[in-house]
Amino acid sequence: MSPETDTYQRLTNSQPGKLLAGRLGLPKSTPLRRYEPGQELLTGPALIGAAPGGRLDGVVSLLLRECGAEVATDADEDTRYGALLFDASGIEDSTQLRAVYDFLHPVIRQVHANGRVLVLGTPPEAAATPRAATAQRALEGFVRSIGKEVGGGATAQLLYVAPGAETAAESSLRFLLSARSAYVDGQVVRVTTSPSAPAPAPADWAQPLAGQVALVTGAARGIGASIAEVLARDGAEVVCLDVGAMGEELSRTANRVGGSALQLDITTPDAPATLATHLRERHGGAGIVVHNAGITRDKTLGRMTADAWDAVLGVNLSAQERLTDALLADGGLVADGRIVSVSSMNGIAGQRGQTNYATSKAGIIGMVQSLAPVLAERGGTINAVAPGFIETQMTASMPIGTREAGRRMNSLAQGGRPIDVAETVAWLGSPASGGVNGNVVRVCGQSLLGA
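Position one of the sequence shown corresponds to residue 744 (my numbering), numbered consecutively onward.
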């Protein structure tokens, strides 16, 4: 969806609309800055602060300078900042949380439109003492609240970096600070370290997936097609998979991204073996597997047929499990490969009329969390993205009231686009994101529903 088709956004960004929205207390919807090749990382200078004992501000400062960003450590009341970054990793007691307030309080209203607020900490489970763990966990409530206050298309995130994983954080820092994360807001991302799961920096950050083979299921159109496009843009050779009925659209997607098309019904008994053999023999195994294929068959539980239940669980969850098992066992996924599964906000919050769909999407989260240690042993990772309201053909056909509610019930007061999901998938699929494993990242503009 382009900004021109969001009538509410267009009106509330006109001068009369701004005045009316302010008087009526209506949500403000700022057009989001999305990634374009060659784009500068930030919209303005970055201000960096740290609590005593922090270990991450130097890493962040070095990265920003390498990216050509202007970096400041002293606040200026006349400056609009592209990013506010605070290293809270040194906070070891709840009384020390005052440091993050002291840093952000004077400057929080100076965040540039589409700016970034990023707090860095230590995963509570890796903290040295119970009090340190308590203080680090408290940062989640702080950051999620900031995400609901900053406005203007700005976002707030919390990046937990485990001790020893500092060099593995670069991919996540680049993603969360850049326009690639336009519709990701109020999220908590964990970066850990494992000798078997390295996070090598790419030769060119503009092509972080160069040399990778990526499989995308459900690639014929919508979010799947956008994922294929972004992975190809970032350098991957993409295998686009969908059912035979979508053959024509699938071919168009594959041709557009310079990849190949594979027609396959992933629910058939022989699909896992067929796919694993194809990837192993034709490509030497995939480095990235994106489980995107999914369907809906919506009815309230009392009206839902057994066939509708079975179809949704079969495509959305059981097929993913079977494919993953085969790819891990038969070399369809290389040893240090990345798996990214598309879940949904409805798998977190639930949804009326979608017991089957929400069950399948919650199951995906369970699969990701349970397989994360298995992938780590191989040097790989598995993560999930959970989209919220994304502007697609399906949402365009919704009744206007339902559609507008979906668009506005998040901190950014607008719907996301398929490319927002795709950018997040590309980050998680990157070899440089080896420290990100077992995460569930919502792409929802910080939806007001769910955890």
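Every residue gets a Cβ at the ideal spot worked out from N, C-alpha and C, and that includes glycine.
Small disclaimer: the values here were computed from a predicted structure and weren't measured.
Short Cβ contact (8 Å threshold) for residue i with residue j
{"i": "G833", "j": "G792", "result": "no"}
{"i": "L790", "j": "Y824", "result": "yes"}
{"i": "T936", "j": "A905", "result": "yes"}
{"i": "V886", "j": "A899", "result": "yes"}
{"i": "V1184", "j": "A1119", "result": "no"}
{"i": "Y926", "j": "V1186", "result": "yes"}
{"i": "A1115", "j": "I1125", "result": "yes"}
{"i": "A1078", "j": "G1027", "result": "no"}
{"i": "D928", "j": "L785", "result": "no"}
{"i": "A1051", "j": "N1099", "result": "yes"}
{"i": "D1053", "j": "Q1097", "result": "no"}
{"i": "Q853", "j": "A878", "result": "no"}
{"i": "V710", "j": "L1171", "result": "Within the shown structure, residues of the chain are numbered from 744 to 1194, placing residue 710 beyond reach of any answer."}
{"i": "V843", "j": "L827", "result": "no"}
{"i": "L1005", "j": "A963", "result": "no"}
{"i": "L1056", "j": "T1011", "result": "no"}
{"i": "M1047", "j": "S1190", "result": "no"}
{"i": "A1019", "j": "G1075", "result": "yes"}
{"i": "D1001", "j": "A971", "result": "Checking the displayed sequence, the identity of residue 1001 turns out to be Gly instead of Asp. Cβ distance not < 8 Å, so G1001 and A971 don't count as in contact."}
{"i": "H1034", "j": "T960", "result": "yes"}
Candidates the options, of which the one nearest residue i by Cα
{"i": "E1024", "options": "L1070, V860, N1035 and A1169", "result": "L1070"}
{"i": "L902", "options": "R1151, S914 and P1116", "result": "S914"}
{"i": "T1167", "options": "G965, L974 and D800", "result": "L974"}
{"i": "D977", "options": "A949, S1003 and L1114", "result": "A949"}
{"i": "G894", "options": "T773, K1042, E992 and L827", "result": "T773"}
{"i": "D1013", "options": "E992, A971, L1066 and L1171", "result": "L1066"}
{"i": "P945", "options": "G1178, P1174, S1190 and N1180", "result": "P1174"}
{"i": "S837", "options": "P943, A1036, A881 and G1080", "result": "A881"}
{"i": "V1085", "options": "A1004, P866, P1015 and V1058", "result": "V1058"}
{"i": "G1181", "options": "Q1112, L1171 and G1144", "result": "Q1112"}
{"i": "H848", "options": "E835, E820 and E779", "result": "E820"}
{"i": "P788", "options": "G781, L1076 and L807", "result": "L807"}
{"i": "G965", "options": "G1159, P867, A870 and V932", "result": "G1159"}
{"i": "T996", "options": "A1049, S921 and C983", "result": "C983"}
Exposure of residue i, with buried meaning 16 or more beta-carbon neighbours within 10 Å
{"i": "S745", "result": "For S745, the predicted structure reports a pLDDT of 47, less than 50, and the residue's modelled location is therefore unreliable. A value from the coordinates is still provided. Exposed, since its Cβ has fewer than 16 Cβ neighbours within 10 Å."}
{"i": "I1082", "result": "buried"}
{"i": "M1110", "result": "buried"}
{"i": "M989", "result": "buried"}
{"i": "M1137", "result": "exposed"}
{"i": "H855", "result": "buried"}
{"i": "A1072", "result": "exposed"}
{"i": "T1043", "result": "exposed"}
{"i": "G1045", "result": "exposed"}
{"i": "Q758", "result": "exposed"}
{"i": "G1188", "result": "buried"}
{"i": "I1133", "result": "buried"}
{"i": "E747", "result": "Residue confidence is low: E747 scores 47 on pLDDT, short of 50, so the model does not pin down where it sits. Its coordinate-derived value is still stated next. With fewer than 16 other Cβ atoms within 10 Å, it is exposed."}
{"i": "R923", "result": "buried"}
{"i": "A897", "result": "buried"}
{"i": "R1151", "result": "buried"}
{"i": "D1068", "result": "exposed"}
{"i": "M1141", "result": "exposed"}
{"i": "I1162", "result": "buried"}
{"i": "L762", "result": "exposed"}
For residue i: DSSP bridge partner residues
{"i": "V956", "result": "E980"}
{"i": "Y824", "result": "V854"}
{"i": "G1027", "result": "None; G1027 has no bridge partner."}
{"i": "D830", "result": "A793 and L863"}
{"i": "R933", "result": "Y903"}
{"i": "N1035", "result": "Paired residues: none, contrary to the question."}
{"i": "L985", "result": "Note on residue identity: the sequence assigns Asp, not Leu, to residue 985. Partner(s): Q1006."}
{"i": "S1190", "result": "N1153"}
{"i": "R1185", "result": "A1129"}
{"i": "G1159", "result": "I1133"}
{"i": "V1164", "result": "For V1164, which the question treats as bridged, DSSP gives no partner whatsoever."}
{"i": "A815", "result": "L790"}
Residue i: first and last residue of the uninterrupted alpha helix (DSSP H) it sits in
{"i": "A875", "result": "P873 to G890"}
{"i": "R841", "result": "R841 to L847"}
{"i": "V1117", "result": "T1098 to R1121"}
{"i": "T1011", "result": "No alpha helix (DSSP H) holds T1011; DSSP gives it neither H nor E."}
{"i": "Q950", "result": "That residue, Q950, is in no alpha helix (DSSP H); it is neither H nor E in DSSP."}
Endpoints, the beta strand (DSSP E) within which residue i is located
{"i": "N1126", "result": "T1124 to P1130"}
{"i": "T898", "result": "T898 to V904"}
{"i": "G1080", "result": "L1076 to V1085"}
{"i": "L1005", "result": "S1003 to Q1006"}
{"i": "R777", "result": "Counting along the chain, R777 falls outside any beta strand (DSSP E), and DSSP gives it neither H nor E."}
The ligand COA heavy atom lying under 7 Å from the CB of residue i
{"i": "K1104", "result": "What this structure holds is no ligand at all, so the ligand COA is not there to describe."}
Short CB-CB distance (under 8 Å) between residue i and chain C
{"i": "T865", "result": "No chain C appears in this structure, which consists of one protein chain only."}
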